[in-house]
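Let me begin by presenting the structure, written as structure tokens, before commenting on it.
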Amino acid sequence: MTRLFGMPARRVSCTLALGAALAVAFPGAAHANTVGVTVKTPGATSGPGAAFSEISTHADCASGLAFGGGINQAIGTGMVSNGNHVNGTSPSPDGSTEYTGTTGVVGTDVTHWLGIGGSGGTFDAAYSSTPYAMCVTSDLIDHTQVVMNKVSGPASASTVGLVTAVCPQDTILLGGGARATPASIGSLKPIASFPTFNDSTHSYGQIAAGNGETNPNAWTAVGWNGGGGNSGNTTYAYAICSGDEIDVSGVTVTVRYTEVSGPTSATTGQTATVGCGGEDGKLISGGAAVSGGSVTTTAFTGPGSGGTHLNGSYPSNSGGTAVADGTTTAAYWTAYSHTGGASSPNTYTEAWALCADDGV
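Letter by letter, the sequence shown follows residues -32 to -1, 1 to 328 in mature numbering (1 follows the signal peptide of the UniProt record, and there is no 0).
This is the structure we're talking about:
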């Protein structure tokens, strides 16, 4: 009888067969990530068509839940490009209603995402906003909840209003958003929307989650007031968290992050793109910021100019191009920033991707 490594071939065959049978009988020895993601977008909505105003657009999930979402703007060229900016990227229960009332858990199982574009003292026919919803299915995470927090301000010129929404205990962060109101203060806008941790290491939300960190439990939004106008200015943060009574002990949400220098010259833009690695799981949401830099190691600071703003935070390909409606393979997130009409020294653009494996 042929022998393999001192064992009869017949015994080797029986041993392999037994191992295969055990693998079938005990499938818990391995898992397959059941997270599935479809990006939904209706395309661009034109506007705003007046100074110091805004438009609200929405992307809707036909199936699954909105774990997050984004916005991408067309801004024109030359000086007209300075007037358009993101006013909000946030969840909605119906595609129009905003969560702006009492703080805390404000909604469950949202399937709509808002993209809100604003204008400063100028506007142009080139302006538009395109919203995106990250529509996610999972055998485990089949319910979500929205936590909202808000802060008055920022009121003074070139100051930040930072606020953090924290997920309930025993839940996990899936995504988030930001909003600044009112639109009539044309220099007011959210310049950051990012994952973080409600702990001392991250200064309870003032320091963002860094590359490779896992299972953040909070979301921070930062409002920025360029011109100093104040008429009830408010900044809102939204955290999308798993539903109560879901055992998320086996879930891993991995943060991927990048920071690039710029924009610094007047009337110019910059993009930053980051993606999920092969072992990270599926892209479920993302975030963006334009800042004074080093946001994952020091408390958030504003960019070098009051007019600097965001024009996009959206799912993309590796080159930073926004993905199309119905895409199921998006793996990257892009931040798009712009200076406005003045130079902005010591300014940086940051992007975050949240990548999930539900452990099922």
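Quick reminder that beta carbons are idealized off the backbone N, C-alpha and C, glycines included.
Measuring CB to CB, does residue i end up less than 7 Å from residue j?
{"i": "Gly249", "j": "Arg147", "result": "no"}
{"i": "Gln113", "j": "Gly211", "result": "yes"}
{"i": "Thr71", "j": "Met102", "result": "no"}
{"i": "Gly280", "j": "Asn40", "result": "yes"}
{"i": "Asn183", "j": "Val242", "result": "no"}
{"i": "Ile153", "j": "Val258", "result": "no"}
{"i": "Gly230", "j": "Gly275", "result": "no"}
{"i": "Asn50", "j": "Tyr95", "result": "no"}
{"i": "residue 342", "j": "Gly145", "result": "Given that the chain is displayed from residue -32 to residue 328, the structure contains no residue 342 and the question cannot be resolved."}
{"i": "Ala189", "j": "Thr169", "result": "no"}
{"i": "Thr25", "j": "Ser97", "result": "yes"}
{"i": "Glu22", "j": "Ala151", "result": "yes"}
{"i": "residue 329", "j": "Asn185", "result": "Missing from the structure shown is residue 329; the chain here goes from -32 to 328 and no further."}
Pull up the DSSP beta-bridge partners for residue i, would you.
{"i": "residue 329", "result": "For residue 329 there is no data in the structure shown, the boundaries of the chain being -32 and 328."}
{"i": "Gly143", "result": "Ile208"}
{"i": "Gly38", "result": "Tyr100"}
{"i": "Ser305", "result": "Gln238, Leu278"}
{"i": "Gly243", "result": "Tyr300"}
{"i": "Cys323", "result": "Thr222, Leu251"}
{"i": "Pro283", "result": "Trp301"}
{"i": "Val5", "result": "Val104"}
{"i": "Thr317", "result": "Val228, Val258"}
{"i": "Asn52", "result": "Ser87"}
{"i": "Ala30", "result": "The partner list for Ala30 (beta bridge, DSSP) is empty, contrary to what the question assumes."}
Relative to the alpha-carbon of residue i, which residue among the options has its alpha-carbon at the smallest distance?
{"i": "Lys8", "options": "Thr112, Asp167, Pro99, Ile109", "result": "Pro99"}
{"i": "Val119", "options": "Gly191, Tyr172, Ala101, Phe162", "result": "Gly191"}
{"i": "Pro61", "options": "Ala34, Asn193, Val48", "result": "Ala34"}
{"i": "Leu278", "options": "Thr235, Tyr300, Asn183, Ser14", "result": "Thr235"}
{"i": "Asp326", "options": "Ser126, Thr295, Thr264, Leu142", "result": "Leu142"}
{"i": "Ala18", "options": "Thr269, Thr90, Gly38", "result": "Thr90"}
{"i": "Asp77", "options": "Ala(-1), Ile208, Asn183", "result": "Ile208"}
{"i": "Ala12", "options": "Val73, Asn50, Leu82, Thr297", "result": "Leu82"}
{"i": "Gly88", "options": "Cys135, Ser31, Gly194", "result": "Gly194"}
{"i": "Tyr282", "options": "Ile23, Pro10, Phe20, Gly37", "result": "Gly37"}
{"i": "Gly4", "options": "Ser253, Leu156, Phe165", "result": "Ser253"}
{"i": "Thr164", "options": "Tyr304, Ile140, Ser155, Leu156", "result": "Ile140"}
{"i": "Glu227", "options": "Ser286, Thr202, Glu318", "result": "Glu318"}
{"i": "Ala196", "options": "Asp107, Val73, Val128, Gly69", "result": "The residue asked about is misnamed: residue 196 is Gly in this sequence, not Ala. The option with the nearest alpha carbon to Gly196 is Val128."}
{"i": "Leu108", "options": "Cys244, Gly246, Gly32", "result": "Gly32"}
{"i": "Glu288", "options": "Pro59, Ala303, Thr296", "result": "The residue you asked about is not Glu; residue 288 is Gly in the sequence shown. Cα-wise, what sits closest to Gly288 is Ala303."}
{"i": "Lys157", "options": "Glu213, Ala123, Asn185, Thr25", "result": "Ala123"}
{"i": "Glu295", "options": "Thr45, Phe20, Cys29, Ser273", "result": "According to the sequence as given, residue 295 is Thr; it is not Glu. The candidate whose alpha carbon is nearest that of Thr295 is Cys29."}
{"i": "Ser273", "options": "Ser305, Gly245, Cys244", "result": "Ser305"}
{"i": "Ser14", "options": "Phe268, Val73, Ile84, Glu213", "result": "Ile84"}
{"i": "Phe20", "options": "Val73, Thr65, Ala133, Ser155", "result": "Ser155"}
How many angstroms separate the CA atom of residue i from the CA atom of residue j?
{"i": "Trp320", "j": "Ala292", "result": "20 Å"}
{"i": "Val131", "j": "Trp187", "result": "8 Å"}
{"i": "Gly86", "j": "Val54", "result": "6 Å"}
{"i": "Ala176", "j": "Thr6", "result": "26 Å"}
{"i": "Val223", "j": "Asp167", "result": "16 Å"}
{"i": "Ala27", "j": "Gly63", "result": "7 Å"}
{"i": "Ala324", "j": "Asp110", "result": "14 Å"}
{"i": "Ser171", "j": "Thr266", "result": "9 Å"}
{"i": "Phe162", "j": "Ala93", "result": "31 Å"}
{"i": "Ala299", "j": "Tyr316", "result": "23 Å"}
{"i": "His80", "j": "Ala290", "result": "19 Å"}
{"i": "residue 331", "j": "Thr239", "result": "Nothing about residue 331 can be reported from this structure: the residues present for the chain run from -32 to 328 only."}
{"i": "Ala205", "j": "Gly255", "result": "12 Å"}
{"i": "residue 407", "j": "Gly270", "result": "Any property of residue 407 remains undetermined from this structure, which presents the chain solely from -32 to 328."}
{"i": "Gln174", "j": "Ser284", "result": "27 Å"}
{"i": "Val219", "j": "Ala42", "result": "37 Å"}
{"i": "Gly178", "j": "Pro10", "result": "32 Å"}
{"i": "Pro(-6)", "j": "Glu181", "result": "Reliability fails at Pro(-6), whose pLDDT of 43 lies under 50, so the model's placement of it is uncertain and no value is given."}
{"i": "Val263", "j": "Tyr225", "result": "10 Å"}
{"i": "Gly260", "j": "Thr232", "result": "11 Å"}
{"i": "Ala(-12)", "j": "Thr105", "result": "Because the pLDDT of Ala(-12) is 38, which lies under 50, any placement of that residue in the model is unreliable, and the number read from its coordinates should be weighed accordingly. Spanning the two alpha carbons is a distance of roughly 31 Å."}
{"i": "Tyr67", "j": "Gly75", "result": "8 Å"}
{"i": "Val328", "j": "Trp301", "result": "25 Å"}
{"i": "Ser199", "j": "Pro59", "result": "24 Å"}
{"i": "Gly286", "j": "Thr297", "result": "According to the sequence provided, residue 286 is Ser. The question's Gly does not apply to it. Their backbone Cα atoms lie some 12 Å apart in a straight line."}
{"i": "Ala310", "j": "Val48", "result": "13 Å"}
{"i": "residue 349", "j": "Gly46", "result": "Past the edges of the chain, shown from -32 to 328, lies residue 349, and the structure says nothing about it."}
{"i": "Pro16", "j": "Gly44", "result": "13 Å"}
{"i": "Leu251", "j": "Leu322", "result": "6 Å"}
{"i": "Gly69", "j": "Ala133", "result": "14 Å"}
{"i": "Phe268", "j": "Gly237", "result": "21 Å"}
Item to check | Ordered list of beta strand (DSSP E) runs contained in the region 76 to 131, each at least 3 residues | outcome: 80 to 87, 96 to 105, 112 to 120
Item to check | Any beta strand (DSSP E) of 3 or more consecutive residues that is wholly inside the region 147 to 225 | outcome: 156 to 164, 186 to 193, 202 to 210
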